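First up is the structure itself, then whatever we jot down about it.
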Amino acid sequence: MSCLNKEEKAIHLALEKLEMVLVEKGEFDMGRNGGSNNEGPEHRVKIENSFYISAHEITFELYDLYAQEKKKSLPKDNGWGRGKMPVINITWMNMTAFCNWLSEKADLNPCYTMMTCDFSKNGFRLPTEAEWEFAARGGNNSLGYLFSGGNISNEVAWTSENTDRNMETGLKKPNELGIYDMSGNVWEFCFDWYKEAYYQSSPIGFPIGPEKKEIDTTYGGEKVRRGGSITYAPEYARTTFRSAEKTNYGDFGIGFRIVRNAE
């Protein structure tokens with residue numbers, strides 16, 4: 001590492017510190033009967049391949065290295081600070097570009113070409129909605145909690161009931177797999193296009209959302225976001241609650257975490 005310049009050393013060290021948690025393949029009942037209209041029906045899903053997921057939401061500390069190297073404007077932090085705060089005010093497209101950059105820095109094969117993802121690649125990417133929910137529930141170690149890591153929201157999630165600003169990652173109790181903040185703090189974008197009735201016809205094996213031609217594209221279409229945020233009540237932070245946002249939109253309530261294939 002001695003031959004690296006200051007910028008490259010910072011990126012190398014950030015990659016060393018990036019904590020990724022193994023989520024072993026398995027099956028689970030996705031969704032919830034009796035919840036919001038888009039949460040059901042509860043249906044069986046098979047996660048056919050193990051994967052790694054970041055233990056924390058991607059922070060300004062890491063994202064700023066990408067922005068600086070690519071000579072992009074640093075996203076605003078709303079006056080809350082940077083460092084270990086979840087990066088905000090970026091779009092879905094910004095997130096996938098970051099994933100490709102990080103993959104290259106880690107000598108992995110980038111997954112994204114525009115909005116298309118090659119899931120056979122070993123690089124970093126956004127989780128599918130099914131991967132996200134499986135990990136949030138605790139994977140094969142799930143204890144069936146309402147929120148990610150517990151049934152009492154205040155123990156595991158930052159929501160409108162306990163804060164009026166985003167918080168540093170990792171301050172609340174983790175879930176069964178050791179993953180933090182999958183309930184609350186900021187919404188987390190997933191790969192999938194959003195369709196309210198998708199669960200009525202989604203496949204059992206490796207669902208990746210509807211095709212774009214199946215969704216309402218009046219406003220360009222929306223991608224799934226999960227987990228709730230500080231401007232929403234705890235009910236929105238449930239592991240099954242579904243929401244969506246446009247790919248070209250970003251604000252202080254939306255962030256992300258990353259995954260990569262384990263096999």
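Residue numbers for the sequence shown follow the UniProt record's numbering, so the first one is 1 and each next one is one higher.
For every residue, glycine included, the Cβ atom is placed at its ideal position computed from N, Cα and C.
As the structure is a computational prediction, the values presented were derived from the model and not from experiment.
Two segments are said to touch when three or more pairs of C-beta atoms, one from each, lie closer than 8 Å; by this definition the region 177 to 184 touches the region 213 to 230. Counting along the chain, PHE98 sits inside the alpha helix (DSSP H) bounded by residues 92 to 105.
Residue pairing for LYS46: DSSP places it in a beta bridge opposite GLU27, GLY205. Checking the DSSP bridge columns, you'll see THR217 has no partner listed. Inclusion of PRO86 and GLU57 in the CB contact set at 7 Å is warranted, their separation being smaller than that value.
Shown here, PHE147 sits in a strand according to DSSP, grouped into three states. Beta bridge pairing from DSSP links MET20 with SER54.
Shortest Cα-Cα distance from ARG257 to any of TRP80, ASN175, ILE179, LYS105 involves ILE179. Secondary structure of TRP158 (DSSP, three-state): coil.
By alpha-carbon distance to GLY31, the top candidate from ALA197, TYR52, TYR66, TYR249 is ALA197.
Annotated three-state conformation of ASN261 is strand, per DSSP. Here LEU15 is not near ALA97, since their CB atoms are 7 Å or more apart. The beta carbon of GLY138 is closer than 8 Å to those of TYR145, SER148, GLY149, ASN175, GLU176, LEU177 in its chain, skipping five residues each way along the sequence. Just measuring C-alpha positions, the residue of PRO41, PHE51, TRP92 sitting nearest ILE254 is TRP92.
With respect to ARG82, PHE60 sits close: the two C-beta atoms are nearer than 7 Å. The way I'd put it, the region 194 to 210 does touch the region 115 to 130; three or more beta-carbon pairs between them come closer than 8 Å.
In this structure, ILE90 lies near GLY250, with their beta-carbon atoms less than 7 Å apart.
Taken through DSSP and simplified to helix, strand or coil, PRO86 comes out as strand. DSSP links TYR112 through a beta bridge to CYS117.
Distances from the alpha-carbon of ALA233 to those of SER153, GLN68, LYS72, THR240 put SER153 closest. For the set TYR199, GLU168, LYS17, the Cα lying nearest the Cα of TRP80 is the one of GLU168. With a cut-off of 8 Å on Cβ pairs, the region 35 to 53 is in contact with the region 234 to 244, counting three or more such pairs.
Within the DSSP secondary-structure output, GLY34 pairs in no beta bridge. Here DSSP, grouped into helix, strand and coil, assigns ILE179 to coil.
By the neighbour-count definition (other C-beta atoms within 10 Å, threshold 16), SER54 is a buried residue.
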